[in-house]
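With the first letter of the sequence shown counted as 1, position 15 gets the number 117 in the numbering used here; the numbers rise by one all the way through.
Cβ atoms here follow ideal geometry from the backbone N, Cα and C, with glycine treated the same way.
Single-structure report; data block below.
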Amino acid sequence: QVQLVESGGGLVQAGGSLRLSCATSGSILSSNSMGWFRLTPGNQREMVASIGRSGRITYGESVKGRFTISRDNAKNTVNLQMNSLKPEDTAVYYCSSMDTRGRVDWGQGTQVSVSS
């Protein structure tokens, strides 16, 4: 069973910053692709950012230049630094893990709310 535990969500004003963390085991971090998705109030699921096993990083178009995904092997976390937040970034953010067979696991989600 893959365990993914998100933290760091909250309420912030537009233009502010938040840092999300996803804690998992070291073996998962080194063997799986990790990512962040979000579910908007309109129930749209969007890929926010992903980091592959090789370190290749991909960002969703709406967050490029504002969000940064990183992997901390010492702490066994995947982090999402979110800067210049906008009201449209308001969503529940989910950490995901995908193994080499394509199986995807999800965390419980953390709420991010950005006020205008």
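Taking the DSSP output, what are the residues bridged to valine 206? Valine 206 pairs with Met200.
Which residues mark the beginning and the end of the alpha helix (DSSP H) in which serine 133 is found? Segment 128-133, the alpha helix (DSSP H) holding serine 133.
I'd like to confirm the pairing. Which residues does DSSP put opposite leucine 187 in its beta bridges? Answer by DSSP bridge pairing: none, since leucine 187 is not bridged.
Please identify the residue among Gly157, Thr179, Glu190 whose C-alpha is closest to the C-alpha of serine 164. For the options Gly157, Thr179, Glu190, the alpha carbon positioned closest to that of serine 164 is the one of Glu190.
Apart from the five residues on each side of it in sequence, which residues of its chain come closer than 6 Å, Cβ to Cβ, to serine 196? According to the sequence displayed, residue 196 carries tyrosine and not serine. Cβ contact annotation for tyrosine 196 (same chain, cutoff 6 Å, sequence separation greater than five): Phe139, Trp208, Gly209, Gly211, in chain order.
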